[in-house]
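Each position in the sequence shown, counted from 1, maps to that position plus 8 in UniProt numbering.
A short write-up of the structure that comes next.
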Amino acid sequence: GLPRHVTVYEVGPRDGLQNESAIIPVEVKAEFIGRLADAGHKVIETTSFVHPRWVPQLADAEDLLTGLDRRPGIRYPVLVPNERGLDRALAHGVEEIAVFASATETFAAKNLNRGLESQFDMFEPVIARALEHGVKVRAYVSMCFGDPWEGHTPIAQVVAVGERLLGLGCHELSLGDTIGVGTPGHVTALIEAFRDPDRLAVHFHDTYGQALGNTLAALRAGVTTVDASTGGIGGCPYAESATGNLATEDLVWMLRGLGIETGLDLGKLVATSTWLAERLGRPSPSRVVQALSKG
Ligand code: HMG
Ligand code: MG
Numbered sequence: 009g010l011p012r013h014v015t016v017y018e019v020g021p022r023d024g025l026q027n028e029s030a031i032i033p034v035e036v037k038a039e040f041i042g043r044l045a046d047a048g049h050k051v052i053e054t055t056s057f058v059h060p061r062w063v064p065q066l067a068d069a070e071d072l073l074t075g076l077d078r079r080p081g082i083r084y085p086v087l088v089p090n091e092r093g094l095d096r097a098l099a100h101g102v103e104e105i106a107v108f109a110s111a112t113e114t115f116a117a118k119n120l121n122r123g124l125e126s127q128f129d130m131f132e133p134v135i136a137r138a139l140e141h142g143v144k145v146r147a148y149v150s151m152c153f154g155d156p157w158e159g160h161t162p163i164a165q166v167v168a169v170g171e172r173l174l175g176l177g178c179h180e181l182s183l184g185d186t187i188g189v190g191t192p193g194h195v196t197a198l199i200e201a202f203r204d205p206d207r208l209a210v211h212f213h214d215t216y217g218q219a220l221g222n223t224l225a226a227l228r229a230g231v232t233t234v235d236a237s238t239g240g241i242g243g244c245p246y247a248e249s250a251t252g253n254l255a256t257e258d259l260v261w262m263l264r265g266l267g268i269e270t271g272l273d274l275g276k277l278v279a280t281s282t283w284l285a286e287r288l289g290r291p292s293p294s295r296v297v298q299a300l301s302k303g
């Protein structure tokens with residue numbers, strides 16, 4: 009069966025804006041996040057406390073959080089790779105973080121400057137200290153389906169990394185198809201290989217146009233949290249073939265048709281995406297945004 013409600017975990021301000029070549033002013037980011045809240049989002053991944061040289065697009069994380077109107081009832085998680093990042097997040101009153109692991113050796117090296125095993129030396133103290141501070145920890149695993157350098161990612165390798173992160177106390181595990189190569193049968197098989205679909209989320213990039221089909225497969229397998237980015241912006245600067253995330257509007261259109269509640273206002277999301285597209289200087293890649301914004 010299908011769930012009656014889906015939690016949309018919005019990643020536009022983080023995954024979306026980390027990949028823009030233009031430098032977006034911090035005021036525009038804050039307005040984007042405010043508009044996402046107005047559209048009904050209850051969880052908005054806001055920025056990253058990574059090395060500013062690695063992701064200059066998000067080097068303004070401190071300024072953004074300082075000026076941000078954080079509304080009650082809305083979660084504003086941020087990406088944190090290491091203890092230095094955790095210190096920065098704690099100093100800005102962050103209540104939820106996300107660590108991001110790799111399912112493959114090559115991407116761990118490219119994205120984290122670590123190995124498949126040694127990435128855990130970095131995450132373990134971050135997770136432990138965050139939990140001591142009452143900060144919730146989500147975990148990502150990237151390259152869950154395939155990787156540009158290693159090809160197909162074995163399911164057992166994804167499960168080993170993912171279960172280990174859950175065992176360390178992460179409340180949720182987001183399975184990332186960083187380069188969008190997954191297909192629905194593979195999604196079902198991967199989710200079924202985990203012990204507990206309740207703690208899984210899915211994070212699809214729409215590079216091959218499979219994101220919606222993959223999402224439906226994930227919902228049928230018991231997943232109820234879906235990552236998406238308003239307007240379908242996004243990508244990973246350390247995986248060149250990555251394009252935008254599943255667009256929140258495309259997701260909401262499908263879920264609405266299925267009678268699944270999200271609490272999101274599609275009209276406000278589309279208006280936000282057309283507003284943002286002007287600031288980014290290019291149209292939203294979302295098909296639903298394109299269809300609904302034609303006068
Ligand atoms: P490193 O070079 O190995 O860092 O990078 P280090 O630990 O050796 O430290 C070197 C210097 O950097 C030190 O300074 C640290 O203090 C400083 P020094 O003592 O030499 O003056 N430093 C920092 N400064 C500020 N904030 C920090 C920080 N950490 C170290 N947090 C590191 C390791 C993990 C930091 C680096 O590789 C990095 O920042 N990587 C992030 C890459 C990234 O953000 N990628 C995109 C997000 S992942 C993604 O998009 C996928 C996802 O969407 C899911 C999917 O689609 O699959 C989540
Ligand atoms: Mg991503």
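Just so you know, even glycine gets a beta-carbon here, dropped at the ideal spot from N, CA and C.
Report the residue from the options whose alpha carbon sits nearest the alpha carbon of residue i.
i	options	result
Val88	Thr251, Pro60, Gly289 and Phe115	Pro60
Ala69	Gly48, Ala45 and Glu35	Glu35
Ala99	Val143, Ile82, Arg122 and Asp129	Val143
Asp206	Gly230, Leu266 and Val169	Gly230
Ser237	Val86, Thr251, Cys244 and Thr256	Thr256
Gly9	Arg264, Leu183 and Leu227	Leu227
Asn90	Leu124, Pro33, Gly101 and Ala138	Ala138
Leu208	Asp235, Arg22 and Gly243	Asp235
Glu180	His49, Thr161 and Thr232	Thr232
Arg295	Leu259, Trp62 and His194	Leu259
Ile32	Gly101, Gly184 and Ala67	Ala67
Pro80	Glu103, Arg92 and Thr186	Glu103
Arg203	Glu171, Arg43, Leu176 and Thr196	Glu171
Gly184	Asp23, Arg287 and Arg43	Asp23
Gly190	Asp129, Leu72 and Leu254	Leu254
Can you tell me the Cβ-Cβ gap for residue i and residue j, rounded? I've got them flagged as a contact below 8 Å.
i	j	result
Val14	Thr270	6 Å
Val166	Cys178	Not really, about 15 Å apart at Cβ, beyond 8 Å.
Tyr17	Val51	5 Å
Ser182	Val210	7 Å
Val63	Leu94	That pair is no contact at about 16 Å.
Gly188	Thr215	3 Å
Gly239	Leu173	About 29 Å; that fails the 8 Å criterion.
Comparing the CB of residue i with every heavy atom of the ligand ATP, is any distance shorter than 7 Å?
i	result
Gly240	Because the ligand ATP does not appear in the structure shown, any question about it cannot be addressed here, the ligands present being the ligand HMG and the ligand MG.
Just to confirm, are residue i and residue j a CB contact at a threshold of 8 Å?
i	j	result
Ile241	Leu198	no
Ala45	Ile105	no
Phe212	Ala219	yes
Ala38	Gly75	yes
Gly265	Gly252	no
Asn27	Pro245	yes
Gln65	Leu120	no
Thr186	Ala147	no
Using C-beta distances below 7 Å, list every residue in its chain close to residue i, excluding the 5 sequence neighbours before and after it, in chain order.
i	result
Ala47	Leu272, Asp273, Lys276, Leu277 and Thr280
His141	Leu98
Ile41	Pro21, Ile52, Thr54 and Leu76
Gln127	Ala109, Ser110, Ala116 and Leu120
In chain order, what residues of the same chain lie with their CB nearer than 8 Å to the CB of residue i, ignoring the 5 residues before and after it?
i	result
Met262	Leu220, Thr223 and Leu224
Thr282	Ser292, Val297 and Ser301
Gly123	Glu113, Ala116 and Ala117
Leaving out the 5 sequence neighbours to the left and right, which residues in its chain are closer than 6 Å to residue i when beta-carbon positions are compared?
i	result
Val169	Ala109, Ala111 and Val149
Thr54	Pro21, Tyr84 and Val86
Phe131	Val107
Ile268	Val14
With a cut-off of 8 Å, does the C-beta of residue i fall near any C-beta of chain D?
i	result
Thr74	Of the protein chains in this structure there is only one, and it is not chain D.
Assess contact between the stretch 106-123 and the stretch 152-160, defined as three or more Cβ pairs (one per stretch) separated by less than 8 Å. Is contact present? yes
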